[in-house]
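**Student:** Attaching a single structure in structure tokens format; questions to follow.
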Amino acid sequence: QTAYHYDDPVEYKIVATPAFTFQANYFPQFSLGILDLPGAQNVPLGSLTISSNRVPCDCQTVKELAILADFDHLEGVERRGIDFGDLVFKKEFYSSSVCVMENGEEVRLKKFARKWLEVTETGDDASENIEIACADTEIDDNWIP
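With positions in the sequence shown counted from 1, the corresponding number in my numbering is that position plus 1.
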């Protein structure tokens, strides 16, 4: 004899849709590893809220994120095996965050990275030899953050 009665109606519990809010965080020491949040990949895009995050304006610090989120379309840029949900989370963070300059001024992270990172093609087959490095330029009066 069994403890189950198969003629009884089956009851289902309603489970809420996952939601994730990641906003108004300041990372005085930022690295791409901070954004490795495995649970974020399980959240539907409509339930993902990312905004108003701040990181220091340092080219070397934001370089890896910028390459992943903004320069991924270039041939020759190494693409890591990354889950689509994780990639979307990092791209949203990159697009919606600001970086804080030493004088306290805030600049859109994407604008800062595009100003300070330069793409160089090297070798005979340039499309396969892309290098992205921090520029050696100084901020001048013509640059508006």
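The beta-carbon is built from N, C-alpha and C at its ideal position, and this holds for glycine as well.
Return the CA-CA distance between residue 105 and residue 70, expressed in angstroms with no decimal places.
**Tutor:** Roughly 25 angstroms separates the two Cα atoms.
**Student:** How far does the alpha helix (DSSP H) with residue 90 in it reach, from first residue to last?
**Tutor:** Looking at the DSSP string, the run of the alpha helix (DSSP H) that includes residue 90 is 85 to 97.
**Student:** Give a yes or no on whether the C-beta atoms belonging to residue 93 and residue 99 are separated by under 7 angstroms.
**Tutor:** Cβ distance not < 7 angstroms, so residue 93 and residue 99 don't count as in contact.
**Student:** Starting from the C-beta of residue 48, find all residues in its chain whose C-beta is less than 8 angstroms away, skip the five residues before and the five after it, and write them out in chain order.
**Tutor:** So the qualifying residues of the chain are 18, 19, 20, 21.
**Student:** Assuming the contact rule is C-beta atoms closer than 8 angstroms, residue 112 and residue 96 should be a hit. Round their C-beta distance to whole Å, please.
**Tutor:** Not a contact, Cβ separation roughly 11 angstroms.
**Student:** Run through DSSP, which three-state label would residue 119 get?
**Tutor:** Strand.
**Student:** What separation, rounded to the nearest whole angstrom, lies between the Cα atoms of residue 24 and residue 63?
**Tutor:** Residue 24 and residue 63: Cα-Cα distance of roughly 18 angstroms.
**Student:** CA-CA distance, residue 11 and residue 45?
**Tutor:** C-alpha separation (whole angstroms): 28 angstroms.
**Student:** Please specify which runs of the alpha helix (DSSP H), each continuous and at least 4 residues long, are wholly inside the region 41 to 77, giving them in chain order.
**Tutor:** Qualifying alpha helix (DSSP H) stretches, in chain order: 60 to 70.
**Student:** For residue 29, which of 59, 116, 130, 84 has the nearest alpha-carbon?
**Tutor:** Closest option to residue 29, Cα to Cα, is 59.
**Student:** What's the C-alpha gap between residue 120 and residue 33?
**Tutor:** Computed Cα separation, rounded: 20 angstroms.
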